[in-house]
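Here the structure is laid out as structure tokens; the discussion comes afterwards.
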Amino acid sequence: MVIPSSLPERPPIGTPFRTGWPVRLADTDRQQRLRLDAVARYLQDIGFEHLDAVEDGDTHRGWVVRRTVIDVLKPVVWGERVTLHRWCSALSNRWCNMRVQICGSAGGLIETEAFLIHFGIESGVPTRMSDRFMAPMLASTTEHRLRWRAALTEPMPDVAAADVEVLPFPLRVADIDVLDHVNNAVYLGALEELLAGHGELISAAHRVIIEYAKPLESRDEVRVIGRRAGDTLDAWLAVGDEARAVARVTPL
């Protein structure tokens, strides 16, 4: 199993990085639920705050998200204040799994894990992390030989099939980051568009997995392709016939 049914627990040694803030209106939907794209932005925000608090953080500013797992055990809602804890659950010397726990002041609980690749800002390629930077990460986990394995391998379906939904997803200037790529949180905004027609899937505890294959760029014409089988929803973000990302929503 590539992803365990329960994400790794907080380690008994070390102190996870901690921060927090109020859940703001712009991060929630009509039911006051914290949206998936907002969760992704929270993960970015705590990640950069964490860099400011560790040795050599200033020389490790380049990161690519390869996969994010989001387990919504109880929805976080508008009006709560969230406390976030972040720690390393596995690593090699160029990439790592980072766990973030999001706890709401009224009982909301979201567990996440992201596979992150460190890259050189100037070289643009995966780059070894420094020993000082890795030291607290190595202390928080016994998994020091992390390797990438895709969890979502289902091929993109024929868009003409009767059980397939296709939604256009026009990109905006505000979606593009400094690398001229679409920010990873925007992909989850696209998934929210598809989930708008499958609200019952996120009305109870659920897991969202998204894996990023190739960046979306500013001039791409993006489609969200969805296929549901029972209580599982699969989604592909496609440009032409090429899947740039794949996602799955399942109950917990």
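With UniProt numbering, the residue at position 152 of the sequence shown is 152, and numbering never jumps.
By construction, the Cβ of each residue, glycine as well, lies at the ideal position given by its N, Cα and C atoms.
CB of residue i within 8 Å of CB of residue j, strictly
i       : j       : result
Arg-67  : Arg-94  : no
Asp-37  : Glu-211 : no
Cys-88  : Ser-123 : no
Leu-252 : Ala-205 : yes
Phe-133 : Val-125 : no
Val-77  : Leu-43  : no
Tyr-187 : Ala-150 : no
Val-239 : Val-222 : yes
Cys-96  : Leu-146 : yes
Phe-169 : Ala-190 : yes
Val-182 : Leu-171 : yes
Ala-26  : Asn-184 : no
Val-54  : Pro-136 : yes
Residue from the options whose Cα sits closest to the Cα of residue i
i           : options                            : result
Glu-200     : Phe-17, Ser-6, Arg-228             : Arg-228
Glu-49      : Val-182, Val-173, His-85, Glu-221  : His-85
Cys-103     : Val-72, Leu-188, Leu-195, Pro-4    : Val-72
Asp-234     : Pro-11, Glu-165, Gly-14, Ser-203   : Glu-165
residue 317 : Gln-31, Glu-111, Ser-92            : Nothing about residue 317 can be read from this structure; the chain reaches only from 1 to 252.
Asp-52      : Glu-217, Val-159, Glu-113, Phe-17  : Phe-17
Leu-117     : Val-159, Gly-62, Trp-21            : Reading the sequence as shown, one finds Ile at residue 117 and not Leu. Comparing Cα positions, the closest option is Gly-62.
Val-65      : Asp-27, Thr-112, Thr-250           : Thr-112
Gly-138     : Val-178, Pro-4, Ile-13             : The identity of residue 138 in the sequence shown is Leu, whereas the question assumes Gly. When each option's Cα is compared against that of Leu-138, the closest is Ile-13.
Ser-6       : Asp-27, Pro-155, Arg-99, Glu-80    : Arg-99
Pro-155     : Asp-231, Gly-226, His-198, Glu-217 : Gly-226
Gln-31      : Ile-202, Glu-242, Pro-4, Thr-250   : Ile-202
Gly-47      : Phe-115, Asp-29, Arg-24            : Phe-115
First and last residue of the uninterrupted alpha helix (DSSP H) at residue i
i       : result
Gln-44  : 36-51
Met-137 : 131-139
Residue range of the unbroken beta strand (DSSP E) whose run includes residue i
i           : result
Leu-116     : 109-118
Leu-233     : 232-239
Leu-167     : 164-168
Glu-211     : 206-212
residue 288 : Here the chain comprises residues numbered 1 to 252, so residue 288 is not present and cannot be evaluated.
Asn-93      : Careful: Asn-93 lies outside any beta strand (DSSP E) and carries neither H nor E.
Rounded distance between the beta-carbons of residue j and residue i, thought under 8 Å
i       : j       : result
Ile-121 : Val-208 : About 29 Å; that fails the 8 Å criterion.
Glu-9   : Ala-90  : Wrong, their Cβ atoms sit about 13 Å apart, outside the cutoff.
- the region 99-110 contacting the region 55-67, beta-carbon criterion three pairs below 8 Å: No: fewer than three Cβ pairs fall under 8 Å.
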